[in-house]
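*Asks:* When the sequence shown is numbered by this note's numbering, its final residue is 514 and no position is left out of the sequence of numbers.
Every residue gets a Cβ at the ideal spot worked out from N, C-alpha and C, and that includes glycine.
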Amino acid sequence: STMGGRPAWARPWAMLHVDTLDVAVIGYITDITKSIVRAENVKGLAFPGGAAALAGVLDTVHAQHPDLVVIIAHAGAVCDSVGCRGEIMDLARELPRGSADAIVAGHTHRVNNVTVNGIPIVQARSSGTALGVMDLVQGDSGLAWHTEVRDTWADEVTPDSAELALVTRFKARTDTLASRTVAVLADSLVRTSHDGQYALGNLLADAQRAMAHADVAIMNNGGIRADLPAGPVTYRRLFELQPFGNNLVVARVTGRELRAALEYAVRGGSAHVHVSGVTMTFDPRKPDGQRLIQVLVAGKPLRDGATYTLAVNDFMSTGGDGFTMFNGLDWRVTGMTCLDALVAWLPLQPSPVRADPTARITRVPRPASRVQ
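What follows is the structure, encoded as structure tokens:
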């Protein structure tokens, strides 16, 4: 709230009584929440981050004298052969020594199993593909943590019978839709490439532009959630690709407004979106906001004073992924979700469907370094 108070419904911590232990569990989310959640769902809320944001809650919790304090965080790290870096590492370093006993991390969907500032941190990828295990072992010198991240295999567990019955019942009803073949793909479409541009992203942007009857479409890469295999592609696969139920919206924009959005799309010197109806070249060495060298809409240079129609999803149109320049525009709903648009557009294409592999956002080649 603007007053800086915590909403009454937001419970920052809970005490769990496990065997003989009192375990205080504290929830932690960061300011990135603002840019990854639909704007209307976080309206009027601020998400202060870092140890300073936790100080008050930690004081309250420690006054209850829990045996253990565990932080559950929607913040994580990326670990490789060089080490780990990320928000959760920074938080653990900032926390006063002894203020937290363990951290369960998230958000980056990676394996984290590290100790920072005396605090063990685990993160178990995403979608149930791994399990973070933190064992507290009583030894001669007191309690010690043994942590691991275990792969999960479906055949290792016995399903809960009541849950299985419920899922089976609904699966029978949804399978008729989910197993329907929507189109046949000529090639497998994956979310990787050397330059950040890939055919699957182009395909989604093309579908949105066509179904919204727009001049230009911009698709945020964070909304592209799965790869597609070659051959028959089912509704289930397309739902996994675009699971959010975001509406496809369209607005009239000036060339200047469109340019601002496209500049933002190459912030930091790499492309964060896929586009349709537009091709652009940028220079990663230039500062943010001045990277675009050339922008062509339908093959003609973008004119600041001209008007264009732009299609995006309603997550982006309300400022999602930091596209705050879209907030004030007059967005019109198409009556379709992005998934609806894709499902309607694919069967209209020649079969098997081929996605355009051409990079539409390209960087200016770096000058060749002279051999000494």
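Using beta-carbon positions only, say whether Gly419 and Asp357 come within less than 8 Å of one another.
*Replies:* Cβ distance < 8 Å, so Gly419 and Asp357 count as in contact.
*Asks:* Might you give, ordered along the chain, the residues of its own chain that have their beta carbon closer than 7 Å to the beta carbon of Val160, omitting 5 neighbours on each side?
*Replies:* For Val160, where only same-chain residues beyond five positions count, there are no Cβ hits under 7 Å.
*Asks:* Would you call Thr294 buried or exposed, if buried means 16 or more other Cβ atoms sit within 10 Å of its Cβ?
*Replies:* Exposed, since its Cβ has fewer than 16 Cβ neighbours within 10 Å.
*Asks:* If you drop the 5 nearest sequence neighbours on each side, which residues of the same chain put their C-beta closer than 8 Å to that of Gly218?
*Replies:* Excluding sequence neighbours, Gly218 sits near Gly228, Glu229, Ile230, Ala247, Gly248, His249, Thr250, His251, Arg252, Asn254 and Gln265.
*Asks:* Going by the beta-carbon positions, is the gap between Ile214 and Gly274 smaller than 8 Å?
*Replies:* Against a cut-off of 8 Å, the Cβ pair of Gly274 and Ile214 comes out as no contact.
*Asks:* By a C-beta neighbour count over all protein chains shown, 10 Å radius and 16 as the cutoff for buried, is Met157 buried or exposed?
*Replies:* By the neighbour-count rule (16 or more Cβ atoms within 10 Å), Met157 is not buried but exposed.
*Asks:* Curious, which full-length alpha helix (DSSP H) runs of at least 4 residues does the stretch 182-251 contain?
*Replies:* Listed in chain order, the complete alpha helix (DSSP H) runs (minimum 4 residues) inside the stretch 182-251 are 192-205 and 229-236.
*Asks:* With a Cβ-Cβ cutoff of 8 Å, do Ala244 and Trp287 count as a contact?
*Replies:* Cβ atoms of Ala244 and Trp287: closer than 8 Å.
*Asks:* Thinking Ile261 and Leu285 are a contact (beta carbons under 8 Å), I'd like their distance in whole angstroms, please.
*Replies:* Rounded, the Cβ-Cβ distance is 14 Å, inconsistent with contact.
*Asks:* So the candidates are Asn469, Val495 and Pro426; which of them puts its Cα closest to the Cα of Thr504?
*Replies:* Of the candidates Asn469, Val495 and Pro426, the one whose C-alpha sits nearest the C-alpha of Thr504 is Pro426.
*Asks:* Alpha carbon to alpha carbon, how far is Val437 from Lys428? Give it in angstroms, no decimals.
*Replies:* Taking the straight line from one Cα to the other gives about 16 Å.
*Asks:* Using the Cβ count rule (16 or more neighbours within 10 Å means buried), how would you classify Arg239?
*Replies:* That one is exposed.
*Asks:* In three-state DSSP terms, what is Tyr377?
*Replies:* Here Tyr377 sits in helix by DSSP.
*Asks:* Do you know how far the Cα of Ser321 is from the Cα of Ser416?
*Replies:* Here residue 416 turns out to be His, not Ser, going by the sequence shown. Cα-Cα distance, rounded: 28 Å.
*Asks:* When you compare only the Cα positions, how much space is there between Ser269 and Gly365?
*Replies:* C-alpha separation (whole angstroms): 16 Å.
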